[in-house]
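With the UniProt record's numbering, the residue at position 180 of the sequence shown is 180, and numbering never jumps.
Glycine included, every Cβ here is placed at the ideal spot set by N, Cα and C.
As the structure is a computational prediction, the values presented were derived from the model and not from experiment.
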Amino acid sequence: MLLEALDADDRNLPALHAERREVERGDVLFRAGDDVSHVTFPAHGCVVILVVPLMDGKSVETATVGREGAMRGVVRHGYLPAFGQAVQVGGPVVRIDAARLSEAKQASKAIRDLFVRYADCLLAQVLQSVACNAAHTIERRCLRWLLTRQDRLGTPDLPVSREILADMLGCAAPTLRKCSGAYIGRV
């Protein structure tokens with residue numbers, strides 16, 4: 001988990017008082033424009049995605065976060081998000097009050113630096129996704145998506161249907177039959 005990168009003194013700051021809970025696939029943790037009160041840290045086995053709403057009512061996945069990251073902890077400072085956050089693979093999460101996390105960032109350079117480095121990583125992920133969507137075939141995008149999920153989950157088992165995969169890739173489910181077999185035989 002992202003906070004495990006901190007030393008014990010920083011991890012034990014009172015402002016980092018955490019609440020553990022379980023989330024389920026499909027849970028919406030916040031929507032674009034919501035005032036977000038908590039930062040969510042997915043734990044092992046949980047995957048949360050950032051989604052951007054489109055004018056036609058659909059949403060597009062823009063980033064994936066597992067046990068390595070945090071949702072809504074990168075940039076806050078009173079701004080309302082232009083994206084939403086949804087649970088793709090249910091499991092345990094840790095939540096910290098956003099205002100208290102901001103206090104902890106003010107109190108600790110190590111915490112501030114950790115979130116700045118993580119923001120860089122998240123931006124790199126989004127930029128890589130944009131490049132892949134523009135340059136690669138659906139088969140290669142499918143492989144990237146599956147490998148990313150496998151990495152975030154920390155397991156070769158991928159609890160996702162072809163329909164969900166098609167939605168995330170922005171294609172029709174029958175299109176994925178081209179990349180089945182060795183690629184998504186276990187999906």
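Neighbour-count burial assignment, Gln88, 16 or more Cβ in a 10 Å radius: buried
Sorted by chain position, which residues of the same chain lie with C-beta nearer than 8 angstroms to His151's C-beta, five sequence neighbours on each side aside? The sequence given here has Asp at residue 151, not His. Closer than 8 angstroms at Cβ, skipping near neighbours: Gly66.
Buried or exposed: which applies to Gln85, given that a residue is buried once 16 or more other Cβ atoms fall within 10 Å of its Cβ? By the neighbour-count rule (16 or more Cβ atoms within 10 Å), Gln85 is buried.
Here's the rule I'm using: 16 or more other beta-carbon atoms within 10 Å means buried, otherwise exposed. How should Arg20 be labelled? exposed
Return the CA-CA distance between Arg186 and Pro156, expressed in angstroms with no decimal places. Any reading at Arg186 needs caution, since the residue's pLDDT is 47, under 50, leaving its predicted position unreliable; the model's value is listed next. Their Cα atoms are separated by approximately 9 angstroms.
Just to confirm, are Ala119 and Val39 a CB contact at a threshold of 8 angstroms? Not a contact, by the Cβ cut-off of 8 angstroms.
Inter-residue spacing [alpha-carbon to alpha-carbon] between Leu143 and Val51: Approximately 20 angstroms between the Cα atoms of the pair.
Do you know how far the Cα of Ser129 is from the Cα of Asp56? 22 angstroms
According to the neighbour-count rule (16 or more other Cβ atoms, all chains shown, within 10 Å of its Cβ), is Lys105 buried or exposed? buried
With a threshold of 7 angstroms on Cβ separation, who are the neighbours of Ala182 within its own chain once the five nearest residues in sequence on each side are excluded? Because the pLDDT at Ala182 is just 47, under 50, the model does not fix this residue reliably, and the value given afterwards should be weighed accordingly. Within the same chain, Ala182 has no close Cβ partners at all.
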